[in-house]
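**Q** In our numbering, the protein residues as written are 259 to 543. Ideal Cβ placement from N, Cα and C applies to all residues, glycine included.
1. Work out the CA separation of residue 390 and residue 482 for me, nearest whole Å.
2. Considering only their Cβ atoms, is the gap separating residue 304 from residue 282 smaller than 7 Å?
3. On the three-state DSSP scale, how would you describe residue 336?
4. Go to residue 422, then tell me how far its alpha helix (DSSP H) extends in each direction, as first and last residue.
5. Kindly indicate the opening and closing residues of the alpha helix (DSSP H) around residue 384.
6. So the candidates are 380, 521 and 285; which of them puts its Cα closest to the Cα of residue 356?
7. Looking at C-alpha atoms only, which residue of 491, 326, 413 and 300 is the closest neighbour of residue 288?
8. Measure the C-alpha to C-alpha separation of residue 519 and residue 527 and round it to an integer number of angstroms.
9. Go through its chain and collect everything with a Cβ distance to residue 542's Cβ below 7 Å, but skip five positions before and after it.
10. Apart from the five residues just before and just after residue 309, which ones in its own chain have a Cβ nearer than 7 Å to its Cβ?
11. Would you list, in sequence order, the uninterrupted beta strand (DSSP E) runs of no fewer than 3 residues that lie entirely inside the stretch 342-386?
12. Distance, Cα to Cα, residue 486 vs residue 511?
13. Based on the DSSP secondary-structure assignment, which residues constitute the bridge partners of residue 443?
14. Within a Cβ cutoff of 8 Å, which residues of the same chain sit near residue 522, ignoring the five residues on either side of it in sequence?
15. Can you tell me where the beta strand (DSSP E) with residue 411 in it begins and where it stops?
16. Between 263, 302, 341 and 378, which lies nearest to residue 369 when the distance is taken from Cα to Cα?
17. Which ranges does the alpha helix (DSSP H) cover as unbroken runs of at least 4 residues, wholly within the stretch 261-329, from first to last along the chain?
18. Taking Cβ positions, are residue 436 and residue 471 nearer each other than 7 Å?
19. Of all the alpha helix (DSSP H) runs that stay within the bounds of the stretch 445-495, which reach a length of 4 or more residues?
20. Could you give the first and the last residue of the continuous beta strand (DSSP E) run that contains residue 400?
21. Count the other CB atoms, across all protein chains shown, that sit within 10 Å of the CB of residue 454; report buried if there are 16 or more and exposed otherwise.
22. List the residues that DSSP assigns as beta-bridge partners of residue 498.
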């Protein structure tokens, strides 16, 4: 593995903050960047709050928390990525914005630095197409919350090199994660490719009046041993995120089986985006 000591994380939202927390906890220096000071501060507050909960549960000491926070440098300037050894991009799921970030990073970081994207579904090849050397670009998909979820999908784009994949594998394993390699650049990779049809079918079972959402969730929890039912999980992850992934699949596969069901379209129109909005499939207010 390349000698990786400092990791740049671009995007300080829930996932970016979580990944920064994971890396700093495992001894890496982290440069955490977002476009506004308030976004960066919110990210740092999230990290602090997560560690406070760990302290309450006796999993961490106050000194341990300070050590982790001392390894994280917050910034609003992408130029501060110039000396990092690896970058993980965690901005919103918008191809134009991701490509813009990669284009800028390509000019800032050293030529040997791997550029990873935490996209959950989008084409690694398309993201990589804007950099001069696409062999150094791959997907590194963490799951939410990154501090707790054990899995990382490492995804090859069409041009991704073996060295790039190996670097990301070793970094993820050094952060105590379980790694799966996605050998082909397909929408949704492994987990979302399997999970999104479950979401669609669960919504259809509800739409067809076969069972209530509570009973569908209960069936998945106790019949499939899932920790959360389909509706609980969609509310937790964001109904809007699932909706955009379905639309992306429909477009990429040119197959209407992936189309968001009508109930979901109406929920989007009503702003029922899940827990963060106070209401999704369930009400949280």
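**A** Here's the rundown:
1. Looking at the two C-alpha atoms, the distance is approximately 46 Å.
2. It is not a contact, given that the beta carbons lie outside the stated cut-off.
3. Note: residue 336 maps to helix in three-state DSSP.
4. For residue 422, the uninterrupted alpha helix (DSSP H) run begins and ends at 420-432, by DSSP.
5. Residue 384 -> alpha helix (DSSP H) spans 382-386.
6. Among 380, 521 and 285, the Cα nearest to that of residue 356 belongs to 380.
7. Minimum Cα distance to residue 288 is reached at 326.
8. For residue 519 and residue 527, the gap between their C-alpha atoms comes out near 13 Å.
9. Annotation for residue 542: 533 and 536 place their beta carbon closer than 7 Å to its own, counting only its chain and skipping 5 residues before and after.
10. Excluding residues up to 5 positions away in sequence, 318, 323 and 326 lie with their Cβ nearer than 7 Å to the Cβ of residue 309 in the same chain.
11. You should have 344-347 and 372-375.
12. Their backbone Cα atoms lie some 28 Å apart in a straight line.
13. Here residue 443 is not bridged, per DSSP, to any residue.
14. Same-chain partners within the cutoff: 461, 497, 500, 501 and 504.
15. Here the beta strand (DSSP E) through residue 411 covers 409-414.
16. Per the Cα distances, 341.
17. Under the rule that a run must span 4 or more residues, the alpha helix (DSSP H) segments found entirely inside the stretch 261-329 read 272-283, 295-314 and 320-328.
18. The answer is no: Cβ separation not under 7 Å.
19. Fully enclosed alpha helix (DSSP H) runs of 4 or longer: 449-465, 471-481 and 488-495.
20. Per DSSP, residue 400 is one residue of the beta strand (DSSP E) stretching across 395-400.
21. Label assigned to residue 454: buried.
22. Residue 498 is not bridged to any residue.
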